[in-house]
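Since the structure comes first, as structure tokens, the remarks are kept for the end.
2 protein chains.
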Amino acid sequence: MSQEKKYISYAESGVNIDANDQMVDRISSSVKSTFGPRVMDLKNGFAGLFSLDSDSKLFKKNYDHPVLVACTDGVGTKILIAQQMKKFDTVGIDLVAMSVNDMLVQGADPLFFLDYLAVNKLDPENVAVMVESIAEGCRQANCSLIGGETAEMPDIYGQDEFDMAGFAVGVVEKDRIITGEKVRQGDIIIGLGSNGVHSNGFSLARTICFKQQKLNVTDKIDSLNGRAIGDALLDPTKIYVRPVVKLLEDFADTRPVHGMAHITGGGLVGNIPRVLPSDCDASIDKNAWQVPPIFDYLAQAGPVEESEMFRVFNMGIGFTLIVDPAHADAVMQNLSESGENVYRIGEIVGGSGKVILK
Amino acid sequence: MSQEKKYISYAESGVNIDANDQMVDRISSSVKSTFGPRVMDLKNGFAGLFSLDSDSKLFKKNYDHPVLVACTDGVGTKILIAQQMKKFDTVGIDLVAMSVNDMLVQGADPLFFLDYLAVNKLDPENVAVMVESIAEGCRQANCSLIGGETAEMPDIYGQDEFDMAGFAVGVVEKDRIITGEKVRQGDIIIGLGSNGVHSNGFSLARTICFKQQKLNVTDKIDSLNGRAIGDALLDPTKIYVRPVVKLLEDFADTRPVHGMAHITGGGLVGNIPRVLPSDCDASIDKNAWQVPPIFDYLAQAGPVEESEMFRVFNMGIGFTLIVDPAHADAVMQNLSESGENVYRIGEIVGGSGKVILK
Chain A
1 MSQEKKYISY AESGVNIDAN DQMVDRISSS VKSTFGPRVM DLKNGFAGLF
51 SLDSDSKLFK KNYDHPVLVA CTDGVGTKIL IAQQMKKFDT VGIDLVAMSV
101 NDMLVQGADP LFFLDYLAVN KLDPENVAVM VESIAEGCRQ ANCSLIGGET
151 AEMPDIYGQD EFDMAGFAVG VVEKDRIITG EKVRQGDIII GLGSNGVHSN
201 GFSLARTICF KQQKLNVTDK IDSLNGRAIG DALLDPTKIY VRPVVKLLED
251 FADTRPVHGM AHITGGGLVG NIPRVLPSDC DASIDKNAWQ VPPIFDYLAQ
301 AGPVEESEMF RVFNMGIGFT LIVDPAHADA VMQNLSESGE NVYRIGEIVG
351 GSGKVILK
Chain B
1 MSQEKKYISY AESGVNIDAN DQMVDRISSS VKSTFGPRVM DLKNGFAGLF
51 SLDSDSKLFK KNYDHPVLVA CTDGVGTKIL IAQQMKKFDT VGIDLVAMSV
101 NDMLVQGADP LFFLDYLAVN KLDPENVAVM VESIAEGCRQ ANCSLIGGET
151 AEMPDIYGQD EFDMAGFAVG VVEKDRIITG EKVRQGDIII GLGSNGVHSN
201 GFSLARTICF KQQKLNVTDK IDSLNGRAIG DALLDPTKIY VRPVVKLLED
251 FADTRPVHGM AHITGGGLVG NIPRVLPSDC DASIDKNAWQ VPPIFDYLAQ
301 AGPVEESEMF RVFNMGIGFT LIVDPAHADA VMQNLSESGE NVYRIGEIVG
351 GSGKVILK
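Right, dumping it as structure tokens:
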């Protein structure tokens, strides 16, 4: 056979190496904007390196028994709204928020974050915008984006489809881990305002808006000040790290915070019980704060019963703290001075580990 | 209007909470099988907790300046072979391998792992098998599976489709980080045998097998001892943690290991340069080991030129160590005693930071 063989190459199998190199260049400054002095920047390294430096001046606090705290999460089908709106500059904030707000519950300071981004086709521009939004989340959470993976998989993700997963690591001194075991009758429940739907309940929200109401993402809604429904749903998840870390530092001596909860899927009724002792209930006054208009819209457009709304959505409260009543006012003032919308939403009463909405 | 409103609920929007609870029960024992004494098992916790315990007896080594090392990766389109074979008991090993072998390169001991698993439909049986394979990877890597997220997203993942991302954290003493900066002329390059294609080059492998050759995943291949092509491609990535960590401990005084590389996408020619000084080349004798039959099959079936094969696949060497020549024999013997297939595959010569295949 004198016929010349036709060889096949990696590039012909659909992997775009140039686009990858271009993307790496573009995201580099976003990533570096999150680096603190404890990130060790290893050229061509196989891993992200972060110095725990327990006896260095770089480390503001000294840890006798450092406990590492790790979380992972995605942003669920909020991804699909971003995809339909072709708006990629906020979902990265959601991605960081979901993990760092979770670790905050245990009293941990976020240290670093890594992302996994899977796409149909590696569009350097879109990926750069997404990574910059992740970097923005990291800056808000005061943590460093020390690693990530972007995978181009056209045979798994359809045209324009993508998914993202985030991983966060933080640290807490062993005897300062907050577990809820100190929660007791008479403690005050403080709620911090949310920024809308955050990243949970999107299966229901999408069913209501796009199946029931047959809206397009760009349709404007009167009761939402004429905003497009897609924009309202995309409002990024609030990151509670800076105010809560500051609070824990400012009250390091009296330690009035007995338990916290990040209000995700399950709402207040599903998440607060995770830190309740078995002989306590959380009595919550649902008139203590104004439910944001997006939830009123979803409840009416469904329609969805109020009890179901509270089981699925945060209803305007994205994070809760259960505190010693003697310090409740001071805690509320501290959080308020950090710029949070702070509500006294209820108290701990005798019971069996559940939430009572009043 | 006296007509009764028809309310919509979360369950009707397609989220299966029962399947989730059932899955959590099923994976619990797999997850706990990976726990060492440093995992703090927090009931209903919002995060995974891992005690660094720098001055406790639980911690075998003491760290003066602990540096955390973090990696994230997926398994690429190897996922699709598992999906087509409906074989989910090995891809979790790949997932762990991709991250822990990367961190090993910097000299780190893996501590813990978290997984993100996204599926079309939450089948508790399949998810349990996948998570058990992740737990098996963690046991092989001597690390604890302290967290994970399973997301059911039918509007992103088509029927039977799924994706997974992994995240590993380890620790290394600051002055023992291996960077390659000590690599010098005369150093010996040691290769550790791979277990097949591992988790890279699948876009090319799938193009060859399923587009060019039009094979089904179950078609048996004579030159692979009659194994199904899907089975051969699914052989899990070798995890090099235990032999390499033991080597670094056994040679803690002389520190003969100057650089390492995990051979992933890019092959030997793409990965070894990541730890080469700019004035050194790695001269590799490609006859120093037997290329496994799967690579011969792919090269012939493509056909793919040999140089391209070496740029895409590991070709039988999954991990390399660059070591001081005075200790090369002892290092090889140590790794061999740990059960590895060990090859002296080349040496460091003067050059410009590239690999020369001879």
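Here the protein sequences come in this chain order: A and B.
Note that full-length UniProt numbering numbers the first sequence so that position 133 is 133, with each residue one more than the last.
Note that full-length UniProt numbering numbers the second sequence so that position 164 is 164, with each residue one more than the last.
Beta carbons are placed, not taken as given, at the ideal position from N, Cα and C, and that holds for glycine.
Check: Could you list the residues in the stretch 17-42 of chain A with a C-beta less than 8 Å from some C-beta on chain B, going in chain order?; Outcome: M40, L42
Check: Can you pull the chain B neighbours of K174/A, defined as C-beta to C-beta under 7 Å?; Outcome: S51
Check: Determine, using beta carbons only, whether L204/B and G107/B come nearer to each other than 9 Å.; Outcome: no
Check: Name the residue from A228/A, H262/A, I322/A, Y297/A whose alpha carbon lies nearest to the alpha carbon of S194/A.; Outcome: H262/A
Check: How would you call I356/A, buried or exposed, if buried means at least 16 neighbouring beta carbons within 10 angstroms?; Outcome: exposed
Check: Going by DSSP, name the residue or residues bridged to residue 367/B.; Outcome: There is no way to answer for residue 367/B, as the model of chain B reaches only from 1 to 358.
Check: Taking Cβ to Cβ, would you say D163/B is nearer than 9 Å to A118/A?; Outcome: yes
Check: From M309/A to K43/A, what does the alpha carbon distance come to, in whole angstroms?; Outcome: 49 Å
Check: Among all the DSSP beta bridges, which residues are the ones paired with Y240/A?; Outcome: According to DSSP, Y240/A bridges with nothing at all.
Check: With a threshold of 9 Å between beta-carbons, can A71/B be considered close to chain A, or not?; Outcome: Residue identity differs from the one stated: residue 71/B is Cys in this sequence, not Ala. With 9 Å as the cut-off, C71/B counts as an interface residue toward chain A.
Check: Is T207/A helix, strand or coil when you go by DSSP?; Outcome: helix
Check: Between R206/A and chain B, is there a C-beta pair that is closer than 9 Å?; Outcome: yes
Check: Closer than 6 Å by C-beta to M1/A: which residues in its own chain qualify, once you throw out the five before and the five after it? Chain order, please.; Outcome: Caution applies to M1/A, whose pLDDT of 40 falls short of 50 and renders its modelled position unreliable; the model cannot decide the point.
Check: Among the residues of its own chain, which have a CB less than 8 Å from the CB of R139/A, if the five just before and after it don't count?; Outcome: S33, T34
Check: Could you work out which residue in T90/A, E149/A, V172/A is closest to F46/A when comparing CA atoms only?; Outcome: E149/A
Check: Check the Cβ-Cβ distances between F112/B and every residue of chain A, and say whether any is below 9 Å.; Outcome: yes
Check: Am I right that N142/A and F88/A are in contact with their C-beta atoms under 8 Å? What's the rounded C-beta distance?; Outcome: No, N142/A and F88/A are not in contact; Cβ-Cβ is about 23 Å, not under 8 Å.
Check: Counting pairs of Cβ atoms below 8 Å between the stretch 203-222 of chain A and the stretch 324-331 of chain A, do you hit three or more?; Outcome: no
Check: In chain order, what residues of the same chain lie with their CB nearer than 8 Å to the CB of M40/B, ignoring the 5 residues before and after it?; Outcome: L49, F50, S51
Check: Are there 16 or more other CB atoms within 10 angstroms of the CB of T218/B, so buried, or fewer, so exposed?; Outcome: exposed
Check: Relative to the C-alpha of L233/B, which candidate in R26/B, Y63/B, I81/B, A70/B has its C-alpha closest?; Outcome: I81/B
Check: Spatial neighbours of L122/A within its chain, please: C-beta separation below 8 Å, excluding the five flanking residues on both sides.; Outcome: N16, A19, N20, M23, T150, E152
Check: For K60/A and chain B, any beta-carbon pair shorter than 9 Å?; Outcome: Model confidence at K60/A stands at a pLDDT of 49, short of 50, so the residue's coordinates are unreliable and nothing is read from them.
Check: When you compare only the Cα positions, how much space is there between D285/A and G346/A?; Outcome: 6 Å
Check: Report the three-state DSSP secondary structure of I134/A (helix, strand or coil).; Outcome: helix
Check: State buried or exposed for P37/B, treating a residue as buried only when at least 16 other CB atoms are found within 10 Å of its CB.; Outcome: exposed
Check: Buried or exposed: where does S99/B fall if 16 or more other Cβ atoms within 10 Å of its Cβ makes it buried?; Outcome: buried
Check: Out of curiosity, what's the CA-to-CA distance linking G196/B and M315/B?; Outcome: 8 Å
Check: Could you tell me which chain A residues have their CB closer than 9 Å to the CB of Q106/B, listed as they occur along the chain?; Outcome: L42, G45, F46, A47, L49
Check: So, P269/B versus V105/B, is the Cβ gap smaller than 9 Å?; Outcome: The question names Pro, yet the displayed sequence has Val at residue 269/B. Result no, Cβ atoms of V269/B and V105/B do not sit closer than 9 Å.
Check: For the beta strand (DSSP E) that contains M260/A, what are its first and last residues?; Outcome: 257-262
Check: Tell me the DSSP secondary structure of A151/A in three-state form.; Outcome: strand
Check: Within the chosen definition, does the stretch 235-251 of chain A reach the stretch 5-14 of chain B through at least 3 CB pairs nearer than 8 Å?; Outcome: no
Check: Do we get a CB-CB distance below 9 Å when we pair V275/A with the residues of chain B?; Outcome: yes
Check: Please list the partners that T77/B has in chain A, where partner means a Cβ-to-Cβ separation under 8 Å.; Outcome: M153, D155, I156
Check: What do you reckon, are the CB atoms on V342/B and G191/B nearer than 9 Å?; Outcome: yes
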